[in-house]
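To get this note's numbering, take the position in the sequence shown, counting from 1, and add 318.
Just so it is clear, CB atoms sit at the ideal spot from N, CA and C, and this is done for glycine as well.
Data block below; observations after.
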Amino acid sequence: MQKSSDQADRAAKILARLRKFIETGDLEKKMVALDAVIHVAADLTLPQFKNTGIEIIFEIEDNLPKLLISDVQIQQVMVNLIKNACEAMMDTTPKLLQIIAVQDDDQHIKVGVIDTGKGLSEEDFATLYKPFSTDKQGGLGVGLSISRSIIANHDGKFWAERNAPQGACFYFTLPTA
Ligand SMILES: Nc1ncnc2c1ncn2[C@@H]1O[C@H](COP(=O)(O)OP(=O)(O)OP(=O)(O)O)[C@@H](O)[C@H]1O
Ligand SMILES: [Mg+2]
């Protein structure tokens, strides 16, 4: 008991340090095209889910302005969202994954990862960003917590919604100016 409590303590400290690094670290932001970042993330993630019957639809608006972002970090956010979405659809049909990027208002682009998976319960909403809360074997339960920190560090918003009639939607915004 003592040992596992020590381990949990250690893991919590590592995560706190990691988040601090994300929030304060030198991000090396540069002007990049978001569609490229999204496609790299999809190419990194989707091969794992080959032959699972997931249908993927990209709706990325033409002529989106370049953004001042850390491409590696936004890629990391997208990898986690796409992976979460695919994992949530393993036991459900249909399996439809939608990845969107649109001009939201004058100063923001909105990115969405939308699935038809098992969806989000009230309890899920309460624990989504809580580190180490996971329902997956081998899951760390830190993906969303880190993703939200990364988006906050880019002065964007990050939120989840229910999809109708089934599944989950995760959205974030990034400023264009
Ligand atoms: N698209 C989704 N549909 C349904 N539940 C989801 C979805 N995305 C996340 N969740 C729920 O939120 C929990 C936390 O997600 P998070 O990405 O933070 O951690 P994880 O995927 O479990 O582990 P990892 O650290 O490897 O990402 C998941 O375990 C799952 O229960
Ligand atoms: Mg995850």
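Problem set entry | As assigned by DSSP and simplified to three states, the class of Pro-493 | strand
Exercise. Does the beta-carbon distance from Gln-391 to Ile-332 come in below 7 Å?
Worked result: no
Problem set entry | At least three beta-carbon pairs within less than 8 Å, the region 401-419 to the region 374-388 | yes
For this session: Count the other CB atoms, across all protein chains shown, that sit within 10 Å of the CB of Val-420; report buried if there are 16 or more and exposed otherwise.
Result: exposed
For this session: Can you tell me which of the three DSSP states Phe-376 falls into?
Result: strand
Exercise. Are Ala-406 and Gly-371 close, meaning C-beta to C-beta below 7 Å?
Worked result: no
Exercise. With respect to the beta strand (DSSP E) encompassing Gln-421, which residues constitute its N-terminal and C-terminal limits?
Worked result: 414-423
For this session: Determine the burial state of Ile-383: buried for a count of at least 16 other Cβ atoms within 10 Å of its Cβ, exposed for fewer.
Result: Here residue 383 turns out to be Pro, not Ile, going by the sequence shown. It is exposed - the Cβ of Pro-383 has fewer than 16 other Cβ atoms within 10 Å.
Exercise. Asp-453: beta carbon under 6 Å from a heavy atom of ligand 1?
Worked result: yes
For this session: Look up His-426 in the DSSP assignment and give the residues it is bridged to.
Result: Asp-423, Pro-493
Exercise. Which of helix, strand or coil does DSSP assign to Val-431?
Worked result: strand
For this session: In angstroms with no decimal places, state the Cα-to-Cα distance between Asp-361 and Lys-347.
Result: 22 Å
For this session: Would you kindly work out how many angstroms separate the C-alpha atoms of Val-395 and Phe-367, rounded to a whole number?
Result: 18 Å
Problem set entry | Ranges of the beta strand (DSSP E) found wholly within the region 350-401, counting only runs of at least 3 | 373-378, 385-387
Exercise. DSSP state of Glu-479, grouped into three classes?
Worked result: strand
Problem set entry | Endpoints, alpha helix (DSSP H) assigned at Asp-442 | 440-445
Exercise. When we look at the beta-carbon of Gln-393 and count the other beta-carbons within 10 Å, is it buried (16 or more) or exposed?
Worked result: buried
Exercise. Buried or exposed: where does Leu-462 fall if 16 or more other Cβ atoms within 10 Å of its Cβ makes it buried?
Worked result: buried
For this session: Taking only heavy atoms of ligand 3 into account, decide whether any of them is closer than 6 Å to the Cβ of Gly-456.
Result: Of the ligands one can find in the structure shown, namely ligand 1 and ligand 2, none is ligand 3.
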